[in-house]
Amino acid sequence: MGEKYRKHVYCESKFLEICISKTKNWKVGDSDFKELEMWICLESMLCSSDIILHLDVSECDFITLTQQPNSDYKRFLQRLSVQQISGKSHIKLSEKFITPDIIDPKSNDQLTACYLTCLDAKATKIITDELGVLILNPYNIKECDFMLFDNGAAILKNKNLCWSAILKRFPSNCLAMIDNYIFNDMTVGKENLKDLFDALLPEEISLEIPFQIAIFTTLKKNNNRDDINSKDCFKEIANLIGEIRPNLYFTLAIFKTNSFHDRVIVTNNVYISCAGGFDLKKSGRAEKTTTVSVIIPYLNKTTKWVSAAYSNIVNEISGVAQKATEFKDDCLSGFYVDNNKNNRLFVLE
Numbered sequence: 063m064g065e066k067y068r069k070h071v072y073c074e075s076k077f078l079e080i081c082i083s084k085t086k087n088w089k090v091g092d093s094d095f096k097e098l099e100m101w102i103c104l105e106s107m108l109c110s111s112d113i114i115l116h117l118d119v120s121e122c123d124f125i126t127l128t129q130q131p132n133s134d135y136k137r138f139l140q141r142l143s144v145q146q147i148s149g150k151s152h153i154k155l156s157e158k159f160i161t162p163d164i165i166d167p168k169s170n171d172q173l174t175a176c177y178l179t180c181l182d183a184k185a186t187k188i189i190t191d192e193l194g195v196l197i198l199n200p201y202n203i204k205e206c207d208f209m210l211f212d213n214g215a216a217i218l219k220n221k222n223l224c225w226s227a228i229l230k231r232f233p234s235n236c237l238a239m240i241d242n243y244i245f246n247d248m249t250v251g252k253e254n255l256k257d258l259f260d261a262l263l264p265e266e267i268s269l270e271i272p273f274q275i276a277i278f279t280t281l282k283k284n285n286n287r288d289d290i291n292s293k294d295c296f297k298e299i300a301n302l303i304g305e306i307r308p309n310l311y312f313t314l315a316i317f318k319t320n321s322f323h324d325r326v327i328v329t330n331n332v333y334i335s336c337a338g339g340f341d342l343k344k345s346g347r348a349e350k351t352t353t354v355s356v357i358i359p360y361l362n363k364t365t366k367w368v369s370a371a372y373s374n375i376v377n378e379i380s381g382v383a384q385k386a387t388e389f390k391d392d393c394l395s396g397f398y399v400d401n402n403k404n405n406r407l408f409v410l411e
């Protein structure tokens, strides 16, 4: 399965200084406590071995900063330095630092990374819309407190179900869906996928980076009686996406596999799970009582398990995709049909 997946986080020194100042010098009388919670969660994430932390300083400058007059910022850097010396380092120090305005559209790591920057809010929004990356700056922190919690919902059987009312559209440039049964009934599958994709996919994205979609499923009909015609299925879903997002440049791959049990959707920034499955909706109503979780990994304060869950899923889909062979008429399992097998969520060697 390879090394544990870790998210790349590019943090500018100025942003880091602001973060430490906010967490250590917050006044009791300040009204917006959720902003403080965001800063605390950011500080915690920066110390976490679940990420690879990129800082815009050289190794020499980093050592110099840890020897400056006593301050909260110095103590935080010393904490990172201890991790580095102990061999538990998750820090990458470099003057060749990636800021949001110089993201390489050919780099999977950069397009799936999180950016902590002091770039102004207008420039941040433009880059987010074009590239689908998650960018936080000191000016939009107050607007991002939803990241602290599970944004999901409880669903009651036979109640009207609209996926777009549950799933908020977060910045994204790729998506992987895992659901063994999404194509058991193509009519139901297409009803759900139309609503799901309409909720999650951006209207358009930079032509330099196609929005990459991968679906992992068994491609079995009801009661496992027969295999679904995989090429027909692929064409129907590709046409469906083209209809609801005529301006979106995308690629699609469908992987036939029985390697998974849970029903999960992951994008480059979000973890979504639904115990009842993503084929839950039929004729506009929910077929089961269930729950949906919608969580931003690494920053979430109430569901600590989600960072490990996200990493596990990315690792597993990478392994399945790596071994999958292109569909042939005599294929029974372990194949894919696509117009591009690649997905920046998983690296194919």
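Using this note's numbering, the first residue of the sequence shown is number 63, and each one after it goes up by one. Glycine included, each C-beta is placed from N, C-alpha and C at the ideal position.
Methionine 100: member of the alpha helix (DSSP H) spanning 95-108, first to last residue. Segment contact: the stretch 308-318 against the stretch 187-204, fewer than three CB-CB distances shorter than 8 Å; contact not assigned.
By the Cβ-count criterion, glutamate 388 is exposed, with fewer than 16 other Cβ atoms from all chains shown falling within 10 Å of its own Cβ. Ranked by how close their Cα comes to the Cα of asparagine 202, the residues Cys336, Arg137, Thr186, Thr85 have Thr186 in first place. Here the stretch 170-190 does not lie against the stretch 215-230, with fewer than 3 beta-carbon pairs under 8 Å apart. Taking the Cα positions, proline 200 is about 30 Å away from lysine 66.
Inclusion of tyrosine 72 and phenylalanine 208 in the CB contact set at 9 Å is not warranted, their separation being larger than that value. Under the Cβ criterion (8 Å, minimum of three pairs), the stretch 252-262 does not count as touching the stretch 359-371.
Between the beta-carbon of isoleucine 267 and that of asparagine 235 there is about 6 Å, and that keeps the pair under the 8 Å contact cut. Each of Ile217, Met239, Asn213, Leu218 was checked against the Cα of phenylalanine 232, and the nearest Cα belongs to Asn213.
Judged by DSSP in its simplified three-state form, isoleucine 228 adopts helix. DSSP places serine 268 in the coil class of the three-state scheme, outside both helix and strand.
For aspartate 241, the number of other beta carbons within 10 angstroms of its own is at least 16, and it is reported as buried. Looking at the DSSP output, histidine 70 shares a beta bridge with Ile114.
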